[in-house]
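**Q** Heads up: the protein sequence lines correspond to chains A and W, in order.
So in my numbering, spot 185 of the first sequence is number 185, and the numbers just go up one at a time.
With the second sequence counted from 1, adding 217 to any position gets you my numbering.
The structure that follows is given in the form of structure tokens.
There are 2 protein chains.
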Amino acid sequence: MSRKDSPSKREKILDVAEELFALHGYDGVTLRQIASGAGVDVALASYHFGKKLDLFQAVFDRRAALLNDARRDALHRCQAKAGKRGPSVEQIIEAFLRPLELAQETGDPGWRNYLALIAYINNSPYWGPRMMSKLFDALVQEFIEALRRALPEATDEDLYWCYNNLSGALTLTLAQTGRIDKLSGGRCTSDDFEAAYDHMIPFVAAGFRKVCKKRAR
Amino acid sequence: MSRKDSPSKREKILDVAEELFALHGYDGVTLRQIASGAGVDVALASYHFGKKLDLFQAVFDRRAALLNDARRDALHRCQAKAGKRGPSVEQIIEAFLRPLELAQETGDPGWRNYLALIAYINNSPYWGPRMMSKLFDALVQEFIEALRRALPEATDEDLYWCYNNLSGALTLTLAQTGRIDKLSGGRCTSDDFEAAYDHMIPFVAAGFRKVCKKRAR
DNA sequence: AAACAATTTCAACGGTTGTTGAAATTGGGC
DNA sequence: GCCCAATTTCAACAACCGTTGAAATTGTTT
């Protein structure tokens with residue numbers, strides 16, 4: 001193998017780490033569990049990635065660029081399709097959410113684990129501020145700018161609190177806790193991302209519209 | 218002291234555990250950190266609570282009944298005030314959220330940590346299914362029933378997915394990650410629960426209305 | 001096939017973890 | 001002031017943690 005493509009074990013470590021970190025969090029997983037799950041020695045993780053924290057970061061980084069690109073493409077495409085007035089709230093929310101759904105249909109089951117890991121990090125008071133901003137904030141600001149153009153009466157406070165609501169609804173869905181399965185008696189399932197987004201998009205769009213409507217001041 | 222009221226150290230352990238578990242999760246906190254923060258020996262936690270997991274459960278249980286009572290009171294009070302047609306969506310959502318805000322104004326700063334802990338548990342694929350249902354599901358079903366009466370055209374799927382959106386938006390807010398502070402350049406702050414709920418209530422209510430409106434079938 | 005670098009395993013280290021049994025301390029009832 | 005029980009500390013255990021240096025293996029180039 002030519003030095004750049006020895007994917008099997010290195011990639012396997014990332015896959016297992018991704019799955020375990022998403023389920024138990026950073027501190028709930030040991031390097032030995034990861035190595036055992038990947039069928040390799042403990043020291044191999046250190047050899048490839050250095051410290052445990054570096055492995056965590058590597059898992060986090062691996063799919064971030066692809067996800068951002070897919071979202072940015074979706075946003076720009078819907079902006080291009082919309083006329084001079086720009087896309088509607090629904091179209092922008094859709095561009096924000098649908099790439100996540102598509103990521104799950106690539107056949108790579110790792111995407112589900114990765115998105116659950118994002119949910120863990122985004123909801124953590126410790127990891128959230130430390131890891132989310134650097135990779136995701138720039139694109140989020142692009143989406144918020146697009147929303148501002150679609151909602152010309154919105155204040156900054158409105159937009160950011162509404163985005164917080166969107167981000168929270170999305171995060172809980174990505175976390176795949178299976179709570180909705182039990183609550184609904186099996187009528188809804190956490191696995192069904194299509195149903196989740198089909199309900200989330202009109203829900204969130206209506207929320208934005210309501211909050212960002214002109215009011216008496 | 219008469220055996221039932223030696224609150225100082227036992228309660229202090231719960232307070233510190235609550236704060237640390239909320240910040241770092243179950244596995245991210247050691248009993249020694251908790252004991253150190255409480256100014257007691259490590260063994261005292263075991264003496265009072267048994268295993269580490271039992272302490273975690275004790276922290277989780279401590280305020281659950283109070284929270285449920287406050288929410289149930291708020292729901293029944295708004296149902297009593299509303300006529301025979303029942304309360305509006307906004308009133309139900311308000312009954313679901315405002316007690317959380319009030320809990321923070323009791324002067325006990327532990328409530329903030331407790332709600333952040335709930336957010337951690339609710340968003341965790343591991344802890345969520347294990348701990349949330351037993352204490353919270355019954356009341357959640359009451360709220361969903363009330364919402365069903367306010368939204369007679371809603372299907373079960375609509376209601377549960379919308380509740381999922383509500384729960385997610387709430388969870389991210391309770392987690393107090395401070396991300397909205399940075400995103401908004403300081404215009405919004407995670408600490409401001411009143412502002413959060415002021416935006417969340419109309420947002421969520423509009424979402425419910427939109428999704429649960431009669432459609433072509 | 002020899003030489004070399006990249007990969008992988010082996011073995012071990014110092015430090016930390018949750019837990020426990022026994023000792024020490026505290027505080028109220030007689 | 002003595003007894004008893006509840007509380008708190010002390011000391012220590014076996015198990016496990018992340019990390020590292022050296023050895024073994026593998027794969028590629030010459």
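We put the beta carbon where it would ideally sit given N, CA and C, even for glycine.
Output yes if chain W places a C-beta closer than 7 Å to the C-beta of H76 of chain A; else output no.
**A** It does not: the Cβ of H76 of chain A has no partner Cβ on chain W nearer than 7 Å.
**Q** If contacts are defined as beta-carbon pairs under 8 Å, then I93 of chain A and C78 of chain A qualify, I think. What distance do you get, rounded to the angstrom?
**A** So it is not a contact: roughly 10 Å between Cβ atoms.
**Q** Counting C-beta neighbours from all protein chains within 10 Å, is the total for G324 of chain W 16 or more, i.e. buried, or is it exposed?
**A** Exposed: under 16 other Cβ atoms inside 10 Å.
**Q** I'd like to check one pair, R72 of chain A with L139 of chain A: are the Cβ atoms closer than 7 Å?
**A** Contact flag set, yes.
**Q** Which residues, in order along the stretch 269-292 of chain W, keep a beta-carbon less than 7 Å from a beta-carbon of chain A?
**A** Residues passing the 7 Å Cβ filter: none.
**Q** Is P109 of chain A helix, strand or coil when you go by DSSP?
**A** Here P109 of chain A sits in coil by DSSP.
**Q** Just the chain W side, please: which residues come within less than 7 Å of K210 of chain A by C-beta, in chain order?
**A** Correct list: P419, F420 and A423.
**Q** Can you give me the start and stop residues for the alpha helix (DSSP H) that R347 of chain W sits inside?
**A** Note, R347 of chain W: alpha helix (DSSP H), W344 to A367.
**Q** Looking at chain W, is there any beta carbon in it that lies within less than 7 Å of the beta carbon of Y114 of chain A?
**A** By this cut-off, Y114 of chain A is not an interface position.
**Q** Inspect the CB distances between the stretch 270-285 of chain W and the stretch 316-333 of chain W and report whether three or more fall short of 8 Å.
**A** Result yes; three or more Cβ-Cβ pairs closer than 8 Å.
**Q** So with CB distances below 9 Å, who are the chain W contacts of Q176 of chain A?
**A** The contacting residues are P342.
**Q** So the candidates are A:S8, A:E11 and A:F56; which of them puts its Cα closest to the Cα of L31 of chain A?
**A** Ranking A:S8, A:E11 and A:F56 by Cα distance to L31 of chain A puts A:F56 first.
**Q** When you compare the CB positions of R187 of chain A and E374 of chain W, do they come within less than 7 Å of one another, or not?
**A** Contact: yes.
**Q** Roughly how many angstroms lie between the CA atoms of C162 of chain A and M132 of chain A, to the nearest whole one?
**A** Between C162 of chain A and M132 of chain A, the C-alpha separation is close to 18 Å.
**Q** Within the same chain, show all residues whose beta-carbon is closer than 8 Å to that of E101 of chain A, passing over the 5 residues directly before and after it, in chain order.
**A** The residues are F193, E194 and Y197.
**Q** Going by beta carbon distance, what residues of the same chain come within less than 7 Å of V428 of chain W, once the five residues before and after it are set aside?
**A** Around V428 of chain W: D375 and C379.
**Q** Thinking C-alpha only, which one of A:E18, A:L23, A:A17 and A:K12 is nearest R347 of chain W?
**A** Comparing Cα-Cα distances from R347 of chain W to each of A:E18, A:L23, A:A17 and A:K12, the minimum goes to A:L23.
**Q** With DSSP collapsed to three states, give me the class of S8 of chain A.
**A** Here S8 of chain A sits in helix by DSSP.
**Q** Measuring only the C-alpha atoms, how far is A252 of chain W from I118 of chain A?
**A** Going from the Cα of A252 of chain W to the Cα of I118 of chain A covers about 32 Å.
**Q** Under 7 Å between the Cβ atoms of P316 of chain W and Q176 of chain A?
**A** Cβ atoms of P316 of chain W and Q176 of chain A: not closer than 7 Å.
**Q** Taking the continuous alpha helix (DSSP H) assigned at D198 of chain A, which residues delimit it?
**A** First-last of the alpha helix (DSSP H) with D198 of chain A: F193 to V211.
**Q** Are there 16 or more other CB atoms within 10 angstroms of the CB of F203 of chain A, so buried, or fewer, so exposed?
**A** By the 10 Å Cβ count, F203 of chain A comes out buried.
**Q** Reducing DSSP to helix, strand and coil, say where E18 of chain A ends up.
**A** E18 of chain A falls in the helix class under three-state DSSP.
**Q** Between L31 of chain A and chain W, is there a C-beta pair that is closer than 7 Å?
**A** Chain W, which has no Cβ nearer than 7 Å to the Cβ of L31 of chain A, makes this no.
**Q** Does at least one heavy atom of the ligand GDP sit under 6 Å from the Cβ of D137 of chain A?
**A** Absence of the ligand GDP is noted for the structure shown, with no ligands found whatsoever.
**Q** When you compare the CB of W111 of chain A with every CB in chain W, is at least one pair closer than 7 Å?
**A** No, because no Cβ of chain W sits closer than 7 Å to the Cβ of W111 of chain A.
**Q** For G324 of chain W, would you say it is in contact with chain A, using Cβ-to-Cβ distances shorter than 7 Å as the test?
**A** By this cut-off, G324 of chain W is not an interface position.
**Q** Taking V140 of chain A as the query, report the chain W residues whose CB atoms sit under 7 Å from its CB, ordered along the chain.
**A** L400, listed in chain order.
**Q** If you drop the 5 nearest sequence neighbours on each side, which residues of the same chain put their C-beta closer than 8 Å to that of Y160 of chain A?
**A** These residues qualify, in order along the chain: I144.
**Q** How would you label E18 of chain A, buried or exposed, when you count the other beta carbons within 10 angstroms and need 16 or more for buried?
**A** When all chains shown are included, E18 of chain A counts as buried.
**Q** Buried or exposed for K221 of chain W, going by 16 or more other Cβ atoms inside 10 Å?
**A** Residue confidence for K221 of chain W is low, a pLDDT of 47 falling below 50, so the modelled location carries little weight; the figure read from the coordinates is stated next. It is exposed - the Cβ of K221 of chain W has fewer than 16 other Cβ atoms within 10 Å.
**Q** Does the beta carbon of D408 of chain W sit closer than 7 Å to a beta carbon anywhere in chain A?
**A** Cβ-Cβ to chain A under 7 Å: no for D408 of chain W.
**Q** Helix, strand or coil, according to DSSP, for Y243 of chain W in the structure here?
**A** In the structure shown, Y243 of chain W sits in coil (DSSP, three-state: anything other than H, G, I, E or B).
**Q** Could you spell out where the alpha helix (DSSP H) holding K84 of chain A opens and where it closes?
**A** It is not in any alpha helix (DSSP H) - K84 of chain A carries neither H nor E in the DSSP assignment.
**Q** Could you check which residue in W:L292, W:Y243 and W:K226 has the C-alpha nearest to that of A262 of chain W?
**A** Out of W:L292, W:Y243 and W:K226, W:K226 has the C-alpha closest to the C-alpha of A262 of chain W.
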